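Novice: Would you mind keeping the following structure in view while I ask a few things?
Chains as they are written, first to last, in UniProt numbering: chain A, 1 to 481; chain B, 1 to 481.
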């Protein structure tokens, strides 16, 4: 049963920790900065993996697996890459009881080890494109960790593609950030802003980084996925050339893109409440719990509960019955609210006599009566669809309510304490750094979505919110996880 | 297209390497002893994972994820365990640019890190059983590596369960080795012998190890899966006690069980031939290739091919069309034989006119005519089922043909050069070690399957094949991968 969860209002950070622990989603391990993803948390990851993997395959990608150890000399081949990643790597110096001739880095990301293979596999334009994804664990040494959001080891997928020309690579970059957007919005019920990162925020080794950014319930931003245009940087670092259709040699064009178990943290922070986890039905491994009220003819109540569960499962709605007598219905209500089961069905002898049951929604706590008739499965399905839709709309409304367009520095400073701020920026690293120093807010994204750009007149020229210099566009600022 | 594959007869080891490379299943990487699992190989692993994961869940298990780093002090807690595993570990000594206070071992297996969590999660019999599985990468430093069969890093699943009494733990051990048997026989079409390992071959830290052993086409044995009864060893090492139903404290009973990407090597060695990979249809991500013979009205032939592919896919048979004009039909035949596509359909204008197509089986190369009628999908399905069945029976026949019951030392020595030898053993470590030293053969398994025991009169007392001392039972000897 739930330990007491601190309320969001009282202490948002503590609420998050309490929730993750109480709902048994994850635990810190005895290894510094590493987490244990417990079965309840891992079940969410499995649903995410299944949906994403299907979308990757539909867009022509195949899975493969590359070594997790990267020789030090490989990491060093791409200058920006080593500068960005080497300081946060775990380093293997001994193996099989002996000191290694060359140190091995545990992959923080796999561009280098993968391009050392691509070099062998790609000779001609006929070998392109190469569209490969990998599901793997990666390690980035973190000083300050937070379950799911920032841990030394985490799970992710990383796509690595190779193309014959820059246009095709750029198409891939955009295709995949849009796949992430679709996943975030349609599965996670989490609205995101699609766009580009500023130079200072882009991936170490990329020409350009695209991202999806979401707003959490405390108004902070969370980067939920990235897609990088790597240009010819890694092909040059690994001397990966191919013969073009025209018969000349050129370096291969590359992309990479990834999302991680961080998405579980985003999911929690986007929707959950003071009673526990709130899961969008599409990512709930268990969508409906039936709690029989065991009075009168208990076996008859149980039989009805099982019958309904069977019908719902047959209809593709993942349902289970908790008919244990160790715990009271009230205890069970609280427990499954904590676990984020989207729909609870209460069923007692009187309900059965009246041919109905009580259906409680996790998102709104609204209770309705549903008839135990031939349309029941469809009615429950509709409720699940409504929950999915409502979570998205609620989160979108929240984001809109907590986004301000700042025209003064005072508005800006107040705005980033509360949510996203849309403001003019002069385009310089210096101003960006200054704003970060003074407010802890960073440029989260330079939106590329037309609708979003129009909504906030992002293309309107103006003066920079901090420097007062001319600015050609507005960008989105926020504090971030 | 295929590089030339060495024939099995000429050089079995080279045949294996050639096949793995030519069919693009895996590649050595630039990291010592580590492999790249290429998309064709990984697709097999994905099919294996899906089938096994389903079977684990049906038997009540859930997935979770534990850190891959294990503090040195944890490994040291179970005496036999550290002795067995420490010498083959990769060791992280630096992280985030600094030397670590305590070295971290990259997991060679996860008993220790998992039991350090179980200790926190288990207080009472109500918390038991705990039935958790993990899909992960592990590292065991190997001096002599072979793609899939023995590499420094490999992928696997490891189940770790906790129970309130030894009977339930033993039931779990047997349940899971039987799950592996079912998987090996029904999906991999690979007959296996189920049984116990001798003391010297059991897992470091286990009271007993059960295994499934398969025969490869060179007569060698391959251990394809293990299930360990860990007794209270790890619970004691991690001081994991629970309150029993009777209200007293006791140590928790444990099991662990695993299979790895080694199964892909087993699959190759069990069925494949000099033309390339032979895949059982249940593990083929692509089961049927349609090769249109592009003569006459090419577009009409193509349209028919696509129509058939659509019908087969709709029926749940994974089918694709190769209608490229860059390569000849003959080239395609060889290429898809190399890749192990179970069924090839050839379809030319004359076939279409006659309302039929040619269906070629990968396992027997047999060609039959199949009518392009309403029963076609079912006929193809039947052929796929026949292939699955035939591969199993062929492998079983091969195993029987290459198993000898030895009653003299000469017979024994000749037998282990060819396959499995069933012989009396006096039950001592000394004799076992002597036999290994003299013949390189080891005790692969002490069968527990009644049918197998009867077939070879394993319970018949006799005299030890090597020492001449009294022996209460026969066991299975072989050279092994």
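Glycine included, C-beta positions come from ideal geometry on N, C-alpha and C. Values in this document were obtained by computation on a predicted structure and should not be read as measured data.
Are residue 362/A and residue 349/A close, meaning C-beta to C-beta below 9 Å?
Specialist: Cβ atoms of residue 362/A and residue 349/A: not closer than 9 Å.
Novice: What span of residues does the alpha helix (DSSP H) with residue 298/A cover, start to end?
Specialist: That run of the alpha helix (DSSP H) goes 298-314.
Novice: To the nearest angstrom, how far is the alpha carbon of residue 450/B from that of residue 87/A?
Specialist: Going from the Cα of residue 450/B to the Cα of residue 87/A covers about 59 Å.
Novice: Report the residues of the region 73-101 of chain A with a CB closer than 7 Å to any CB of chain E, ordered along the chain.
Specialist: Among the protein chains in the structure shown, which are A and B, there is no chain E.
Novice: Count the other CB atoms within 10 Å of the CB of residue 9/A; is the residue buried (16 or more) or exposed (fewer)?
Specialist: It is exposed - the Cβ of residue 9/A has fewer than 16 other Cβ atoms within 10 Å.
Novice: Would you check if there are 3 or more beta carbon pairs closer than 8 Å linking the region 160-171 of chain A to the region 276-296 of chain A?
Specialist: No, they do not touch.
Novice: Residue 453/B and residue 420/B - do their beta-carbons sit closer together than 9 Å?
Specialist: Not closer than 9 Å, so no.
Novice: Among residues of its own chain, excluding the 5 on either side of residue 58/A, which ones have a beta-carbon nearer than 8 Å to its beta-carbon?
Specialist: Cβ within range, chain order: n/a, list empty.
Novice: Pick out whichever of 467/A, 424/A, 462/A has its Cα sitting closest to the Cα of residue 446/A.
Specialist: Looking at the Cα atoms, 424/A is the closest of the given residues.
Novice: Determine the direct distance from the alpha carbon of residue 176/B to that of residue 329/A, and round the result to whole angstroms.
Specialist: When rounded, the distance between both Cα atoms is 35 Å.
Novice: Under 8 Å, with one C-beta from each stretch per pair, do the region 131-150 of chain B and the region 57-75 of chain B reach the 3-pair mark?
Specialist: The region 131-150 of chain B, when compared against the region 57-75 of chain B, does touch it at the 8 Å Cβ threshold.
Novice: What does residue 155/B touch in chain A if you count any residue whose Cβ is under 8 Å from its own?
Specialist: Under the 8 Å cutoff, chain A gives 65.
Novice: Spell out whether any CB of chain A is found under 9 Å from the CB atom of residue 2/B.
Specialist: For residue 2/B, the predicted structure reports a pLDDT of 49, less than 50, and the residue's modelled location is therefore unreliable. A value from the coordinates is still provided. False, the Cβ-Cβ gap to chain A never drops below 9 Å.
Novice: Is residue 150/A close to chain B? Criterion is C-beta to C-beta, closer than 9 Å.
Specialist: No, because no Cβ of chain B sits closer than 9 Å to the Cβ of residue 150/A.
Novice: Could you name the residues that DSSP lists as bridge partners for residue 146/B?
Specialist: DSSP output for residue 146/B lists 150/B as bridge partner(s).
Novice: Under the DSSP definition of a beta bridge, which residues are partnered with residue 231/B?
Specialist: Paired residue(s): 254/B.
Novice: Would you mind reading off the limits of the alpha helix (DSSP H) that contains residue 386/A?
Specialist: Counting along the chain, the alpha helix (DSSP H) containing residue 386/A begins and ends at 376-401.
Novice: Check residue 367/B in the structure and name its three-state DSSP category.
Specialist: Strand at residue 367/B.
Novice: Between residue 104/B and chain A, is any beta-carbon pair separated by less than 9 Å?
Specialist: Cβ-Cβ to chain A under 9 Å: yes for residue 104/B.
Novice: Tell me the residue span of the alpha helix (DSSP H) that contains residue 452/A.
Specialist: From DSSP, the alpha helix (DSSP H) with residue 452/A extends over 450-455.
Novice: What number of angstroms, rounded off, separates the C-alpha of residue 457/B from the C-alpha of residue 213/B?
Specialist: Rounded to the nearest angstrom, the two C-alpha atoms are 19 Å apart.
Novice: Under a three-way DSSP split, which group does residue 270/A fall into?
Specialist: Residue 270/A: helix per DSSP, three-state reduction.
Novice: Which residues does DSSP pair with residue 325/B in a beta bridge?
Specialist: None; residue 325/B has no bridge partner.
Novice: Looking at the unbroken alpha helix (DSSP H) that takes in residue 81/B, where does it start and where does it end?
Specialist: Taken as a continuous stretch (DSSP letters only), the alpha helix (DSSP H) holding residue 81/B covers 79-85.
Novice: Tell me, which residues are paired with residue 356/A by DSSP?
Specialist: Its beta-bridge partners are 371/A.
Novice: Spatial neighbours of residue 416/B within its chain, please: C-beta separation below 8 Å, excluding the five flanking residues on both sides.
Specialist: Closer than 8 Å at the Cβ level, and outside the excluded window around residue 416/B, lie 439, 440, 441, 477, 478, 479.
Novice: What three-state label does DSSP hand residue 346/B in the structure shown?
Specialist: The answer is strand: DSSP assigns residue 346/B an E or B state.
Novice: Among 408/B, 219/B, 254/B, whose alpha-carbon lies nearest the alpha-carbon of residue 128/B?
Specialist: For residue 128/B, the nearest C-alpha among the options comes from 254/B.
Novice: Under the DSSP definition of a beta bridge, which residues are partnered with residue 210/A?
Specialist: DSSP, once it has assigned bridges, lists 196/A, 227/A as partnering residue 210/A.
Novice: If I measure Cβ to Cβ from residue 332/A and keep anything under 6 Å in the same chain, skipping five residues before and after, which residues do I get?
Specialist: Contacts found: 291, 322.
Novice: In whole angstroms, what is the alpha-carbon distance linking residue 169/B and residue 232/B?
Specialist: Distance between the alpha carbons of residue 169/B and residue 232/B: 10 Å.
Novice: With contact counted as at least three CB pairs below 8 Å, one residue from each stretch, are the region 289-303 of chain B and the region 237-250 of chain B in contact?
Specialist: Contact between the region 289-303 of chain B and the region 237-250 of chain B is absent, because fewer than three Cβ pairs lie under 8 Å.
Novice: Across the region 306-322 of chain A and the region 217-226 of chain A, are there enough close Cβ pairs to call them in contact, namely three or more that are closer than 8 Å?
Specialist: With a cut-off of 8 Å, the region 217-226 of chain A and the region 306-322 of chain A do not count as touching, because too few Cβ pairs lie within range.
Novice: Mark residue 491/A as exposed unless 16 or more other C-beta atoms lie within 10 angstroms of its C-beta, in which case mark it buried.
Specialist: Outside the modelled stretch of chain A, which goes from 1 to 481, sits residue 491/A, for which no answer is possible.
Novice: Please classify residue 40/A: is it buried, with 16 or more other beta-carbons within 10 angstroms of its beta-carbon, or exposed?
Specialist: Buried, because 16 or more other Cβ atoms sit within 10 Å of the Cβ of residue 40/A.
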